Amino acid sequence: MKDWEQRKEMWPAASLRRRNLRAVVVLGLMLIAGWGLWQWMIHQPVEGRILSPLRKVLGWNERLFEGAMDTSLRATSYSGKEAVKLPRVNGSYGMTGTLDTASWRMMVVRCNGDTLKISLAALQQLPKTEVIFDFKCIEGWSQVTHWGGVKLKTFCERYGLQEETAKHYVGLETPDGGYYVGIDMKSALHDQTILCYEMNGKPLPANQGYPLRLIIPVKYGVKHLKRIGTMFFSDDKPRDYWAEHGYDYYCGH
Ligand SMILES: Nc1nc2c(c(=O)[nH]1)N[C@H]1C(S)=C(S)[C@@H](COP(=O)(O)O)O[C@H]1N2
Ligand SMILES: [Mo]
Numbered sequence: 002m003k004d005w006e007q008r009k010e011m012w013p014a015a016s017l018r019r020r021n022l023r024a025v026v027v028l029g030l031m032l033i034a035g036w037g038l039w040q041w042m043i044h045q046p047v048e049g050r051i052l053s054p055l056r057k058v059l060g061w062n063e064r065l066f067e068g069a070m071d072t073s074l075r076a077t078s079y080s081g082k083e084a085v086k087l088p089r090v091n092g093s094y095g096m097t098g099t100l101d102t103a104s105w106r107m108m109v110v111r112c113n114g115d116t117l118k119i120s121l122a123a124l125q126q127l128p129k130t131e132v133i134f135d136f137k138c139i140e141g142w143s144q145v146t147h148w149g150g151v152k153l154k155t156f157c158e159r160y161g162l163q164e165e166t167a168k169h170y171v172g173l174e175t176p177d178g179g180y181y182v183g184i185d186m187k188s189a190l191h192d193q194t195i196l197c198y199e200m201n202g203k204p205l206p207a208n209q210g211y212p213l214r215l216i217i218p219v220k221y222g223v224k225h226l227k228r229i230g231t232m233f234f235s236d237d238k239p240r241d242y243w244a245e246h247g248y249d250y251y252c253g254h
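Using my numbering, the letters of the sequence shown map in sequence onto residues 2 to 254.
Structure below.
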């Protein structure tokens, strides 16, 4: 018997018609259900720039991350030879105006309201750490890059910021307030998180944050704020540029 004849025997015409009809009905019901769900979705209130049900899913993710974050986890380290010579430049919010780098100081707002003004030279006196890791941007690219600076943890210890590091978050902002991020304290005090003033063994290029940027390998690129102006500490989530535009607050990976 030919192949098609055999199949015809297995699926008589009446049965085929029934199956076709059923398939069309199921498809129709799925379309109606999908359309209904979509209608419901687009009529939901907007929360933090995205529709509330989507925001809720992000909220669950965030809580999951907050609970599951293990600071003993480290981003993979690489050797200096593996680092790219000319790292890509990406993102310049808060960096468009010129900066008077000679008078620049990092403003560190203490819990008692005092503000420390830290010069680049003072930061360079603290022990230097090099970090070579795969820098990942949420836009989908990554590259091995090489940075140098002082661990944020060491900085806080040396400047006696105990009360400050007992808070839940660190906030960082550019001098003009044009870009800003919030970092959970565990990630801020992570062993690989540095206040960074060098790239490939040389001072940071201006468009990569001279005189000082954050390098935080346990997070995506958005959190690596370039051109630090102010640092502060709080139990509430500091404002965060990309979280305000609908991205995940933690941005860990
Ligand atoms: N001040 C400032 N810092 C910033 C950004 C920005 O727009 N402004 N973009 C962030 C993003 S999205 C990424 S991926 C990295 C890119 O760092 P790079 O320019 O050194 O590659 O910087 C981050 N830090
Ligand atoms: Mo990014």
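Cβ atoms here follow ideal geometry from the backbone N, Cα and C, with glycine treated the same way. Computed from a predicted model, the values in this text were never measured in an experiment.
By the DSSP assignment, the beta strand (DSSP E) with residue i in it spans what residues?
i: lysine 137; result: 130-137
i: threonine 146; result: 143-152
i: valine 110; result: 107-110
Over the uninterrupted alpha helix (DSSP H) stretch that includes residue i, give me the two end residues.
i: arginine 214; result: Careful: arginine 214 lies outside any alpha helix (DSSP H), inside the beta strand (DSSP E) at 214-216.
Going by DSSP in three states, residue i sits in which element: helix, strand or coil?
i: lysine 238; result: coil
i: cysteine 157; result: helix
i: valine 223; result: helix
i: glycine 35; result: helix
i: methionine 96; result: coil
i: lysine 203; result: strand
i: leucine 117; result: strand
i: glutamate 63; result: helix
i: glycine 253; result: strand
i: glutamate 48; result: strand
i: leucine 17; result: helix
i: isoleucine 195; result: strand
Is the beta carbon of residue i less than 9 Å from the beta carbon of residue j?
i: glycine 172; j: isoleucine 216; result: no
i: glycine 253; j: glycine 178; result: no
i: leucine 59; j: isoleucine 51; result: yes
i: leucine 124; j: tyrosine 211; result: no
i: threonine 130; j: lysine 152; result: yes
i: asparagine 208; j: glutamate 140; result: no
i: glutamine 144; j: proline 88; result: yes
i: lysine 137; j: tyrosine 251; result: no
i: aspartate 241; j: glycine 183; result: yes
i: glycine 95; j: lysine 227; result: yes
i: threonine 77; j: aspartate 135; result: yes
i: threonine 168; j: aspartate 115; result: Reading off the sequence shown, one finds lysine at residue 168, where the question assumed threonine. Going by C-beta atoms, lysine 168 is not nearer than 9 Å to aspartate 115.
i: glycine 49; j: glutamate 245; result: yes
i: phenylalanine 234; j: leucine 196; result: no
Is residue i a contact residue of ligand 4, with contact defined as CB to any heavy atom under 8 Å?
i: valine 182; result: With respect to small molecules bound, the structure shown includes ligand 1 and ligand 2 and not ligand 4.
Per the contact definition of three or more C-beta pairs closer than 8 Å, is the region 110-122 in contact with the region 156-171? yes
Where are the beta strand (DSSP E) runs, 3 residues long or more, that stay fully inside the region 161-186, in chain order? 170-174 and 181-185
Take every Cβ of the region 184-202, pair it with every Cβ of the region 96-106, and state whether three or more of those distances are shorter than 8 Å. no
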